[in-house]
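K.L.:
Mind looking over this structure? Questions follow.
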Amino acid sequence: MKNIKFIISLFFVALLLGCEGDDSTTTFADDVAAPTNISALLTITQDNTGLVTIAPNGEGVTAFEVTFGDATAQPETVELGGKVNHVYAEGMYTVKVAGVAINGKKTNIDVPLTVTFVAPENLDVTVATVVGNPYLINVTAEADLETFFSVSWGEDPLVATEQFNEGQAMSHTYANTGTYTITVVAYSGGAATSTFTQEVIISNPLVLPINFENGNYNFANFGNAVTTVIANPDPTGINTSTRVAKQTKNPGSEIWAGSLLTLDTPLTNLATMHYFRIKVWSPAVGTTFKLKLENVPNTTISYEADAVTTVANQWEELVYNFSGANTSASYSNVVLFCNYGVQGNGQSYYFDDIVQAASGGSVGFPLTFEDGSATYVFNDFGNAYGSKVANPDVSGINTSTTVGKYYKNSGSETWAGVAMPMTNPIDFSAMQKVKVKVWSPRAGIIVLLKFENINPTHNTALDIERQATTTVAGGWEELTYDFTGINNANNYQMVVLFFDFNVRGANESFYFDDIKLSN
Numbered sequence: 001m002k003n004i005k006f007i008i009s010l011f012f013v014a015l016l017l018g019c020e021g022d023d024s025t026t027t028f029a030d031d032v033a034a035p036t037n038i039s040a041l042l043t044i045t046q047d048n049t050g051l052v053t054i055a056p057n058g059e060g061v062t063a064f065e066v067t068f069g070d071a072t073a074q075p076e077t078v079e080l081g082g083k084v085n086h087v088y089a090e091g092m093y094t095v096k097v098a099g100v101a102i103n104g105k106k107t108n109i110d111v112p113l114t115v116t117f118v119a120p121e122n123l124d125v126t127v128a129t130v131v132g133n134p135y136l137i138n139v140t141a142e143a144d145l146e147t148f149f150s151v152s153w154g155e156d157p158l159v160a161t162e163q164f165n166e167g168q169a170m171s172h173t174y175a176n177t178g179t180y181t182i183t184v185v186a187y188s189g190g191a192a193t194s195t196f197t198q199e200v201i202i203s204n205p206l207v208l209p210i211n212f213e214n215g216n217y218n219f220a221n222f223g224n225a226v227t228t229v230i231a232n233p234d235p236t237g238i239n240t241s242t243r244v245a246k247q248t249k250n251p252g253s254e255i256w257a258g259s260l261l262t263l264d265t266p267l268t269n270l271a272t273m274h275y276f277r278i279k280v281w282s283p284a285v286g287t288t289f290k291l292k293l294e295n296v297p298n299t300t301i302s303y304e305a306d307a308v309t310t311v312a313n314q315w316e317e318l319v320y321n322f323s324g325a326n327t328s329a330s331y332s333n334v335v336l337f338c339n340y341g342v343q344g345n346g347q348s349y350y351f352d353d354i355v356q357a358a359s360g361g362s363v364g365f366p367l368t369f370e371d372g373s374a375t376y377v378f379n380d381f382g383n384a385y386g387s388k389v390a391n392p393d394v395s396g397i398n399t400s401t402t403v404g405k406y407y408k409n410s411g412s413e414t415w416a417g418v419a420m421p422m423t424n425p426i427d428f429s430a431m432q433k434v435k436v437k438v439w440s441p442r443a444g445i446i447v448l449l450k451f452e453n454i455n456p457t458h459n460t461a462l463d464i465e466r467q468a469t470t471t472v473a474g475g476w477e478e479l480t481y482d483f484t485g486i487n488n489a490n491n492y493q494m495v496v497l498f499f500d501f502n503v504r505g506a507n508e509s510f511y512f513d514d515i516k517l518s519n
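Reading the sequence shown from the start, the letters are residues 1 to 519 in full-length UniProt numbering.
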């Protein structure tokens, strides 16, 4: 067998040597036809990279030449059965594929190619307010198949959008309060985009006290309770304000359903201001209103207290004692649970005037100075001084323990007086006369009683005053002041007394007590 293989090999060598130099023997290649059935399969990856795979095919082909149709001028040679990858920008192209035969003959085809990037997917945008600065907004975004983002704040249409990348936080401080639309656009490598919009409400800083009269209040609701700000449904009694908060516990809501507001300035003064007062309206006696304060961001640092209604279908003020709270912590979330411990049935409750105070007792009419938990404030002017003292003459019509003292220094102004703020505006809707028990060392002195509006500021044009004259020296008597026609809508909240009005002081003491409304 080895000899036979050797003879065959010599035969082929001789044949090749005999053909050397004879061109007529290669003419068979000249007769080979140009390639036929040239085609190309173009596939694009769906990751917005623009990567296209070109797989040419044909008959009678030894190789292919691929011209990409973009700025790449030099064609790429692809062997038979091979593929070539090329990265395109988004757009429309004509890919030229030439099938090359053994003799160099070519067959060309044009293959249209459209590269379109898909829009970014799963766009997730976080718009967050900043505790302590109600004008500041932070925005972050993430998405699949994106290359970058842009944000417009909705404040000034002439200001260009700001571009940012995933993982980057964008911040903007608004110049004024109002409602603005934030727009975030996620861009792919081409024209396809995804857009997110959200309205933000920029309001005045939310701090205590809260009376719901101005601005927007963004309640965070939980447990299937919903709180909104509405017109006061019962502007009578101790609450004649225009707007209040309404909390509705929807049917089937949790027993712990409620709502919260986040203060822009955290409370840090519970050591000295550990009482809270809230006006509430409930359809039933015995309704529990729970008040809770939470630290932000660590809401596990919190304190809560309960108060129970004593009247139905009218406004009353509930008092909460937070003296047991951690006074070294700060608190930003104010949480209120109406009818706590009871599952919702669609009933609505109302609350207003959330006030922080140094004392638990409220100061109002009748003003008796007997509440040991109340803080009585005396704003002195003109060199007169007010204070709460033991009754110096427990006799006659006034046997109370404590009273108000008015001391007028020598040389004090003729208009010297003492102003006392009430916790709430005085309700003159039913009675418009005022009685005051007074004690004067002399008869015949003028005692002027004045009411001022102080919410939100003192409007002197609304001040109203009346005078009465003492008839007793060295003893208690009751003076009556007729304020018939007084406008209750003016919300008079400051009581001002002037003893021996229009006369300079002479180092004398006067006393007053039991200021009350009368028919």
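No residue lacks a Cβ here, since even glycine has one placed at the ideal position from N, Cα and C.
Note that the coordinates shown come from a computational prediction; the quantities given were computed from them, not determined experimentally.
#1: Grouping DSSP H, G and I as helix and E and B as strand, with all else coil, what is N326?
#2: For the beta strand (DSSP E) holding M273, just list the boundary residues, first then last.
#3: Of the residues T107, T49, Q247 and V226, which one's Cα is nearest the Cα of G60?
#4: Any idea which residues DSSP pairs F501 with across the strands?
#5: Among A143, T116 and V418, which has the Cα closest to the Cα of Y385?
#6: Compare the C-alpha of D70 against each of Q46, D30, P112 and N48 and name the closest.
#7: Starting from S241 and walking both ways along the beta strand (DSSP E), at which residues does that stretch end?
#8: Span of the beta strand (DSSP E) holding L208?
#9: Since F483 and V436 should fall inside the 8 Å C-beta cutoff, what is the C-beta to C-beta distance between them, to a whole number of angstroms?
#10: What are the start and end residues of the beta strand (DSSP E) that includes T36?
#11: Which of helix, strand or coil does DSSP assign to D427?
#12: In the structure shown, what three-state DSSP assignment does D380 receive?
#13: Report the rounded CA-to-CA distance for L462 versus L293, giving the unit in angstroms.
#14: With 16 as the cutoff for other CB atoms within 10 Å, does E20 come out buried or exposed?
#15: Starting from the C-beta of Y217, find all residues in its chain whose C-beta is less than 6 Å away, skip the five residues before and the five after it, and write them out in chain order.
#16: Note the first and the last residue of the continuous beta strand (DSSP E) segment covering V319.
#17: Around the Cβ of I278, are there at least 16 other Cβ atoms within 10 angstroms (buried) or fewer (exposed)?
#18: In this structure, does DSSP put N218 in helix, strand or coil?
#19: Go through its chain and collect everything with a Cβ distance to I180's Cβ below 6 Å, but skip five positions before and after it.
#20: Pick helix, strand or coil for N519, following the three-state DSSP scheme.
#21: To the nearest angstrom, report how far apart N453 and I238 are at their CA atoms.
#22: What would DSSP say about D30, mapped onto helix, strand or coil?
#23: Tell me which residues share the same chain as T53 and place their Cβ nearer than 6 Å to its Cβ, disregarding the 5 neighbours each side in the sequence.
#24: Compare the C-alpha of N502 against each of I445, V434 and D514 and name the closest.
#25: Give me whichever residues DSSP pairs with P283 in a beta bridge.
#26: From the DSSP output, read off the bridge partner residues of L367.
#27: So with Cβ pairs under 7 Å, would you call V434 a contact of chain B?
#28: By the DSSP assignment, the beta strand (DSSP E) with N409 in it spans what residues?
#29: Output the distance between the C-alpha atoms of A169 and V139, rounded to the nearest integer angstrom.
#30: Could you say which of K405, Y376 and N122 lies nearest to A390 if we only look at CA atoms?
#31: DSSP beta-bridge partners for A63?
#32: Using the Cβ count rule (16 or more neighbours within 10 Å means buried), how would you classify L367?
#33: With a Cβ-Cβ cutoff of 7 Å, do Y174 and I210 count as a contact?
#34: Exposed or buried, which one is T309 when buried takes at least 16 other CB atoms within 10 Å?
#35: Return the residue from the list E304, V334, S328 and V130 that minimises the CA-CA distance to N321.
#36: Starting from T197, trace the beta strand (DSSP E) in both directions and tell me its first and last residue.
P.N.:
Per the coordinate set shown:
#1: Translated into positions along the sequence shown, residue 326 becomes position 326. In the structure shown, N326 sits in coil (DSSP, three-state: anything other than H, G, I, E or B).
#2: Counted from its first residue, the sequence shown places residue 273 at position 273. Run containing M273: none; DSSP gives neither H nor E here.
#3: Locating residue 60 in the sequence shown gives position 60, where the first residue counts as 1. With distances taken between Cα atoms, G60 lies closest to T107.
#4: Locating residue 501 in the sequence shown gives position 501, counting from the first residue. DSSP output for F501 lists no bridge partner at all.
#5: Along the sequence shown, read from residue 1 onward, the residue named residue 385 stands at position 385. Answer by Cα proximity: V418.
#6: The residue labelled residue 70 in the question sits at position 70 within the sequence shown. Looking at the Cα atoms, P112 is the closest of the given residues.
#7: Residue mapping note: residue 241 aligns to position 241 of the sequence shown, counting from 1. First-last for S241: undefined, no H or E at that position.
#8: In the sequence shown, residue 208 corresponds to position 208, counting from 1. Where L208 is concerned, there is no enclosing beta strand (DSSP E), given that its DSSP letter is neither H nor E.
#9: Numbered from its first residue, the sequence shown carries residue 483 at position 483. Numbered from its first residue, the sequence shown carries residue 436 at position 436. Incorrect: roughly 12 Å between the Cβ atoms, too far for contact.
#10: Residue numbering aside, residue 36 sits at position 36 when the sequence shown is read from its first letter. It spans T36 to I44 - the beta strand (DSSP E) in which T36 sits, taken as one unbroken run.
#11: As a first step, residue 427 is located in the sequence shown; it is residue number 427 there, counting from the start. DSSP places D427 in coil when its eight states are reduced to three.
#12: By one-based count along the sequence shown, residue 380 stands at place 380. Note: D380 maps to strand in three-state DSSP.
#13: Locating residue 462 in the sequence shown gives position 462, counting from the first residue. Locating residue 293 in the sequence shown gives position 293, counting from the first residue. One C-alpha to the other measures close to 37 Å.
#14: Within the sequence shown, numbered from 1, the residue matching residue 20 stands at position 20. At E20 the pLDDT is 46, less than 50, meaning the model places this residue with poor confidence; the figure from the coordinates comes in the next sentence. Exposed.
#15: Taking the sequence shown and counting its residues from 1, one reaches residue 217 at position 217. Excluding residues within five positions, the ones whose Cβ falls inside 6 Å are V229.
#16: One-based indexing of the sequence shown puts residue 319 at position 319. Unbroken beta strand (DSSP E) run through V319: W315 to N321.
#17: In the sequence shown, the residue the question calls residue 278 occupies position 278. So I278 counts as buried.
#18: As a first step, residue 218 is located in the sequence shown; it is residue number 218 there, counting from the start. Three-state DSSP puts N218 in coil, outside helix and strand.
#19: If you number the sequence shown from 1, residue 180 lands on position 180. The question names Ile, but residue 180 in the sequence shown is Tyr. The answer, listed in chain order, is G154, E155 and V200.
#20: Within the sequence shown, residue 519 is the residue found at index 519, counting from 1. Correct three-state label for N519: coil.
#21: For the purposes of this step, residue 453 is taken as residue 453 along the sequence shown, with counting starting at 1. For the purposes of this step, residue 238 is taken as residue 238 along the sequence shown, with counting starting at 1. Using only the alpha carbons, I get a separation of about 15 Å.
#22: Start at 1 with the first residue of the sequence shown, and residue 30 comes out as number 30. Helix at D30.
#23: Here residue 53 refers to the residue found at position 53 of the sequence shown. Closer than 6 Å at the Cβ level, and outside the excluded window around T53, lie T43, K83 and N85.
#24: Within the sequence shown, the letter at position 502 stands for residue 502. Nearest C-alpha to N502: I445.
#25: Position 283 of the sequence shown holds residue 283. According to DSSP, which records beta bridges pairwise, P283 is partnered with nothing at all.
#26: In the sequence shown, the residue the question calls residue 367 occupies position 367. BP columns for L367 point to I515.
#27: Protein chains in the displayed structure number just one, and chain B is not present.
#28: By one-based count along the sequence shown, residue 409 stands at place 409. Element bounds for N409: n/a, residue is neither H nor E.
#29: As a working mapping, residue 169 is identified with position 169 in the sequence shown. As a working mapping, residue 139 is identified with position 139 in the sequence shown. Computed Cα separation, rounded: 6 Å.
#30: Here residue 390 refers to the residue found at position 390 of the sequence shown. When only C-alpha atoms are compared, the closest one is K405.
#31: Looking up residue 63 in the sequence shown gives position 63. Bridge partners of A63: E79 and V100.
#32: To locate residue 367, count along the sequence shown from 1; it is residue 367. Under this definition L367 is a buried residue.
#33: As a position in the sequence shown, residue 174 is number 174, starting the count at 1. As a position in the sequence shown, residue 210 is number 210, starting the count at 1. The answer is no: Cβ separation not under 7 Å.
#34: Position 309 of the sequence shown, counted from the first residue, corresponds to residue 309. Looking at its Cβ environment, which holds 16 or more other Cβ atoms inside 10 Å, T309 is buried.
#35: Walking along the sequence shown from the start, residue 321 turns up at place 321. The shortest C-alpha separation from N321 is found at E304.
#36: Counted from its first residue, the sequence shown places residue 197 at position 197. Start and end: T193 to I202.
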